[in-house]
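Novice: My numbering applies: residue 138 is where the sequence shown begins, and numbers increase by one. By construction, the Cβ of each residue, glycine as well, lies at the ideal position given by its N, Cα and C atoms. Would you mind keeping the following structure in view while I ask a few things?
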Amino acid sequence: MDCIFCRIVRKEINSNIIYEDDTVLAFEDIAPQAPVHILVIPKKHYSTLLDMDQKDKELIGHIFMVIKNIVKQKNVQQSGFRVVMNCNSQGGQTVFHIHFHILAGRQMHWPPG
Ligand code: 5GP
Ligand code: ZN
Numbered sequence: 138m139d140c141i142f143c144r145i146v147r148k149e150i151n152s153n154i155i156y157e158d159d160t161v162l163a164f165e166d167i168a169p170q171a172p173v174h175i176l177v178i179p180k181k182h183y184s185t186l187l188d189m190d191q192k193d194k195e196l197i198g199h200i201f202m203v204i205k206n207i208v209k210q211k212n213v214q215q216s217g218f219r220v221v222m223n224c225n226s227q228g229g230q231t232v233f234h235i236h237f238h239i240l241a242g243r244q245m246h247w248p249p250g
């Protein structure tokens with residue numbers, strides 16, 4: 138699949154990998170928007186959340202447990218963090234391979250931009 142994140146999964150493009158297992162990869166965002174900015178993706182390609190269904194519930198649950206482990210590893214679990222998934226144009230999605238952003242290390246604001 139000619140997708141930038143699929144290429145990162147296949148190690149055809151370098152990334153700073155934070156965590157990897159059979160189904161999930163986590164790596165540092167190339168243009169960090171906070172002191173901690175990590176992307177957590179399923180290795181399997183899904184363009185958007187809309188491509189997931191009931192059979193993917195376990196994978197989504199697993200991704201959230203990976204996110205929990207990463208924020209503890211980064212020691213931001215108490216100070217706080219934000220988990221974001223952008224979906225389609227007005228959601229601000231630019232890479233069409235599902236990813237959760239983990240943002241931490243500074244004060245987050247609401248409403249988001
Ligand atoms: P989106 O806007 O789709 O929610 O987020 C895409 C994210 O992927 C952006 O934060 C962008 O900086 C990041 N990104 C795009 N290309 C690359 C890349 O080649 N390597 C890494 N590590 N991050 C990327
Ligand atoms: Zn992909």
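Is the stretch 217-224 close to the stretch 185-192, with three or more CB pairs under 8 Å?
Specialist: Touching, yes.
Novice: When DSSP builds the beta bridges, which residues end up paired with I175?
Specialist: In the DSSP output, where bridge partners are listed per residue, I175 has E165 and I239.
Novice: Going by DSSP, what residue range makes up the alpha helix (DSSP H) through F146?
Specialist: A quick correction: the sequence has Val, not Phe, at residue 146. I141 to V146 is the extent of the alpha helix (DSSP H) around V146.
Novice: Comparing alpha-carbon positions, which option in H246, D159 and Y156 lies nearest F218?
Specialist: Closest by alpha carbon: H246.
Novice: Looking at C-beta atoms only, is the number of pairs between the stretch 202-214 and the stretch 230-246 that lie closer than 8 Å three or more?
Specialist: With the cut-off at 8 Å, the stretch 202-214 and the stretch 230-246 touch.
Novice: At which residues does the alpha helix (DSSP H) containing E195 begin and terminate?
Specialist: Taken as a continuous stretch (DSSP letters only), the alpha helix (DSSP H) holding E195 covers K194 to Q210.
Novice: Does the Cβ-Cβ distance between K192 and T160 come in under 9 Å?
Specialist: No; because the gap between Cβ atoms is not below 9 Å, this pair is not in contact.
Novice: Below 8 Å on the Cβ atoms is my contact criterion, and I expect L162 with V173 to pass it. Report the Cβ-Cβ distance as a whole number of Å.
Specialist: Contact doesn't hold; Cβ gap of about 17 Å is too wide.
Novice: So G228 is in the alpha helix (DSSP H); what residue range does that whole segment cover?
Specialist: Element bounds for G228: N225 to G228.
Novice: Whole angstroms is fine: what's the gap from H236's alpha carbon to P249's?
Specialist: C-alpha separation (whole angstroms): 18 Å.
Novice: Got a sec, what are the start and stop residues for the beta strand (DSSP E) V221 sits in?
Specialist: Segment F218 to V221, the beta strand (DSSP E) holding V221.
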